[in-house]
Structure formats: C-alpha cells, structure tokens
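In UniProt numbering, the protein residues as written are 1 to 401. Every residue gets a Cβ at the ideal spot worked out from N, C-alpha and C, and that includes glycine.
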C-alpha cells in the first residue's frame with residue numbers, strides 16, 4: 001500500500017556569491033558548514049532530533065565521493081544509510097524524490113533530503129576532459145540547427161528563446177519582463193543572493209550574454225544549502241506534527257525521450273521531459289494548473305521560464321508571452337511564479353536549488369513567507385530540471401485540505 005508523504009521541516013542557508021562568506025573564525029564557509037546550517041534549521045523546524053531520521057539523501061554536483069556523508073555527519077553519526085545524489089541542476093529535487101520514495105514505499109517513516117553546492121565563480125565548465133561529456137549528444141544536436149557558442153548553457157537556452165520568438169512572436173522585452181519580475185520578488189527574500197530591484201530598461205540594457213539573454217536574466221553560480229525532513233502519516237500522527245505538515249500529493253522524475261533530439265531547440269533543453277512531468281504530476285494529484293496559487297520553477301535563464309509556462313500548461317502553445325503582458329505570473333495575477341526570486345535572483349547552487357524551492361513552497365503553504373506571502377495558498381507546484389537530463393516536479397497541498 002502506498003504511504004502518504006509529508007514535509008514537516010525545511011531549512012536553508014542564504015545563497016551567496018562563491019567564496020564570499022566566511023565563518024566567524026575567518027575560515028572559508030565550506031560545504032559541511034552549509035549542510036550543518038540548513039540541516040539544523042530543518043530539524044528544528046520539524047521539532048525532531050537527527051536520531052529520528054532513518055535515511056538521508058544528500059545531493060551535490062561538484063565534490064568528492066562520499067561528500068554526502070561528510071556533510072550529514074555534521075548533524076549526527078547514527079549509522080543510517082546516506083545516499084549521495086548527483087543529477088545536474090535537478091540534484092536537490094532528485095534527493096527530495098528519493099527521500100519521498102522511501103516513505104511512499106513503506107521503507108522508512110522519517111527521511112532527510114539535503115543538498116549543497118560550493119561552486120567556482122563564473123560560467124560552468126567541465127571537470128573531466130578525458131571522457132565523453134554527459135551532454136555531448138545534446139550539444140551536437142543543437143549545433144545542427146544553431147550556431148555554436150561556449151559556455152554552452154546560455155547558448156542552449158538562448159537558442160530556445162530565439163526559436164520561440166521566430167515561431168510565436170515573443171520579443172526580447174518579454175524575456176526581460178521575467179528578469180524584472182524575479183529580481184523584484186527577491187527584494188523580500190532574505191535568503192536570496194541578490195535583493196536588488198531593476199527597471200525593465202535596466203534589465204534590457206545589462207550586458208548581453210547571448211541574445212536575447214542579458215546578464216540580469218541569467219542565474220549566477222552560488223554557494224549554499226537546503227534541507228527538508230519528510231515523514232509518513234504514521235510518524236506525523238505519533239509526533240503530533242499535523243499542524244505544520246505539508247503533503248506531497250504528486251511527484252515524478254522524467255528523463256530524456258528519443259524525441260529530445262527532434263530538431264527543435266526547445267526539445268533539446270527538455271521540453272518533452274517537462275511536459276511529461278507536468279502530465280504525470282497533475283494526474284497523480286488530481287490538480288491542474290488553475291488549482292495552484294504559487295509556483296517555483298526552473299528559471300536558470302528567463303527563456304526557460306517562458307517556455308515552461310507552456311510546458312506546464314499555464315499557457316496555450318505559443319502564448320506564454322501573453323501571460324507576461326497581462327501580469328498573470330506575479331502578485332495580483334493568476335499565479336505567483338518564483339516568489340523567492342527564482343534561480344535568476346535567489347541564486348543557483350546546483351545541489352541546493354530543488355530543496356530551496358521546497359522550502360519556499362512549504363513556507364507559502366503554511367502562511368509563513370512573510371513579505372513574500374501569496375494570498376490564499378492551498379496548493380503549490382515545483383519544477384526543477386537538469387540537462388542531460390532529468391525533470392523533477394512535485395505538487396504540494398496543505399495537509400488540512
């Protein structure tokens with residue numbers, strides 16, 4: 001019998017520019033420090049000790065083998081299974097997926113999902129150059145239909161944005177509106193790497209990275225950590241946690257299909273995965289786009305957020321940009337998308353991003369998001385993608401619903 005899964009505690013660090021933060025003694029803020037801070041906050045939020053945790057799933061992209069154990073040992077050493085997770089930019093959500101799966105399958109009653117990243121400044125690059133690259137098929141396929149530019153990430157997502165403009169009439173201003181919105185949202189997020197507001201003109205006039213993407217429409221590299229405590233219904237009842245519990249009512253992880261390489265830029269950056277993940281989560285939860293009030297989605301670049309409006313069913317095919325013209329994705333609109341500031345402004349420590357999204361939505365559903373709080377939140381959905389590839393989506397609902 002499938003067990004219900006509840007998020008009962010969340011925690012995260014402030015996301016920081018790589019190398020900027022120091023410990024009180026002047027030493028570097030390292031990944032064990034990040035994990036200790038986020039994990040301790042999540043345990044305190046849940047009101048339980050680490051000794052109650054039966055399994056831990058720890059995500060990071062850059063690091064040595066068993067860094068997950070080294071990180072979680074900051075919380076305790078109790079002999080439990082600690083599983084290291086790496087799924088590119090969807091690593092944190094993959095850890096969440098696995099921690100929830102253990103409870104859903106009746107293998108555990110209390111699990112920890114934790115993610116962290118200690119990154120190098122500047123654009124992402126490969127670590128190992130003596131073997132096949134994980135995205136070589138994606139890059140070669142895109143090179144057949146677009147010019148080639150390195151580093152690949154802004155080129156890949158920018159090319160998909162250009163494709164949307166050519167097909168459907170979206171404009172550079174539409175993409176800039178996403179940057180403006182997300183930077184504006186982050187002003188009220190104390191965990192965000194950036195908390196500056198910009199005008200639409202400033203977004204458009206910032207340094208061009210790959211047309212139509214300017215610097216203020218691109219997520220930065222970041223240091224930071226996030227964590228979540230997940231429990232079964234039995235554990236929630238035994239420990240009187242119903243008042244703070246948020247139920248995961250739908251969750252899936254989807255990887256690439258053969259039609260990823262169908263000759264479109266959108267397909268190569270995950271459109272088919274995203275659409276399949278949305279269909280599965282909506283079917284599992286019995287909820288559709290209009291049932292959610294708040295959404296955290298993977299805006300690594302503004303172009304990806306715009307394409308996700310269509311992939312997640314917020315807009316009809318070719319109509320994503322009309323949501324921006326109508327103000328439908330910010331406060332006062334049909335949904336509030338990325339109230340945290342999203343990856344563009346909150347930051348993007350790869351292993352932590354999915355768990356920061358989980359934290360934000362848990363706070364929103366509890367009514368604890370302070371100045372970011374969206375009115376009347378009863379359901380929320382999260383989307384996180386890693387190219388090469390995996391798309392993870394999770395739908396949440398207040399437990400009292």
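For residue i, the three-state DSSP class (helix, strand or coil)
| i | result |
| --- | --- |
| residue 50 | helix |
| residue 275 | helix |
| residue 113 | strand |
| residue 11 | strand |
| residue 59 | strand |
| residue 367 | coil |
| residue 198 | coil |
| residue 401 | coil |
| residue 416 | This structure cannot speak to residue 416, because the chain is shown only from 1 to 401. |
| residue 139 | helix |
| residue 64 | coil |
| residue 148 | coil |
| residue 132 | coil |
| residue 292 | coil |
| residue 377 | coil |
| residue 337 | strand |
| residue 314 | coil |
| residue 191 | coil |
| residue 345 | helix |
| residue 74 | coil |
| residue 329 | coil |
| residue 284 | helix |
| residue 354 | helix |
| residue 118 | coil |
| residue 423 | Outside the modelled stretch of the chain, which goes from 1 to 401, sits residue 423, for which no answer is possible. |
| residue 269 | coil |
| residue 179 | helix |
| residue 108 | coil |
| residue 126 | coil |
| residue 319 | coil |
| residue 94 | helix |
| residue 171 | coil |
| residue 40 | helix |
| residue 262 | coil |
| residue 34 | helix |
Distance between beta carbons of residue j and residue i, contact taken as under 8 Å
| i | j | result |
| --- | --- | --- |
| residue 382 | residue 358 | 6 Å |
| residue 100 | residue 251 | 6 Å |
| residue 146 | residue 385 | With a Cβ gap of about 19 Å, residue 146 and residue 385 do not count as contacting. |
| residue 294 | residue 336 | 5 Å |
| residue 141 | residue 261 | 4 Å |
| residue 198 | residue 183 | 5 Å |
| residue 269 | residue 150 | About 16 Å separates the two Cβ atoms, so there is no contact after all. |
| residue 390 | residue 94 | 6 Å |
| residue 111 | residue 84 | Their Cβ separation, rounded to whole angstroms, is 15 Å, which puts residue 111 and residue 84 out of contact at 8 Å. |
| residue 361 | residue 161 | Residue 361 to residue 161, Cβ: 26 Å. No contact. |
| residue 351 | residue 61 | 6 Å |
| residue 193 | residue 232 | About 35 Å; that fails the 8 Å criterion. |
| residue 77 | residue 38 | In fact, because the Cβ distance is near 18 Å, the residues do not count as touching under 8 Å. |
Spatially closest choice to residue i from the options, by CA coordinates
| i | options | result |
| --- | --- | --- |
| residue 399 | 246, 373, 323, 311 | 246 |
| residue 205 | 221, 179, 354 | 179 |
| residue 377 | 364, 171, 371, 272 | 364 |
| residue 392 | 161, 98, 75, 318 | 98 |
| residue 208 | 8, 172, 304 | 172 |
| residue 263 | 155, 333, 143 | 143 |
| residue 219 | 75, 347, 6, 285 | 347 |
| residue 33 | 46, 49, 47, 15 | 15 |
| residue 304 | 190, 217, 58 | 217 |
| residue 224 | 167, 118, 345, 187 | 118 |
| residue 9 | 64, 195, 230 | 230 |
| residue 120 | 324, 75, 166, 19 | 19 |
| residue 340 | 240, 57, 189 | 189 |
| residue 169 | 373, 333, 321, 63 | 321 |
| residue 353 | 213, 272, 30, 114 | 114 |
| residue 165 | 27, 349, 266 | 266 |
| residue 5 | 54, 327, 109, 134 | 109 |
| residue 349 | 107, 106, 53, 191 | 191 |
| residue 312 | 96, 297, 328 | 297 |
Bridge partner(s) assigned by DSSP for residue i
| i | result |
| --- | --- |
| residue 223 | 16 |
| residue 159 | Residue 159 is not bridged to any residue. |
| residue 23 | Residue 23 is not bridged to any residue. |
| residue 28 | 22 |
| residue 301 | 218 |
| residue 89 | 87 |
| residue 384 | 392 |
| residue 82 | 56 |
| residue 6 | 231, 247 |
beta-carbon residue i near the ligand GDP non-hydrogen atom, thresh 8 Å
| i | result |
| --- | --- |
| residue 127 | This structure lacks the ligand GDP; in fact it carries no ligand of any kind. |
*Taking only runs of the beta strand (DSSP E) that begin and end inside the stretch 201 to 260, which ones reach a length of at least 3 residues, in chain order?*
Counting only runs of 3+ residues, the beta strand (DSSP E) found wholly inside the stretch 201 to 260 occupies 208 to 210, 224 to 232, 246 to 255, in chain order.
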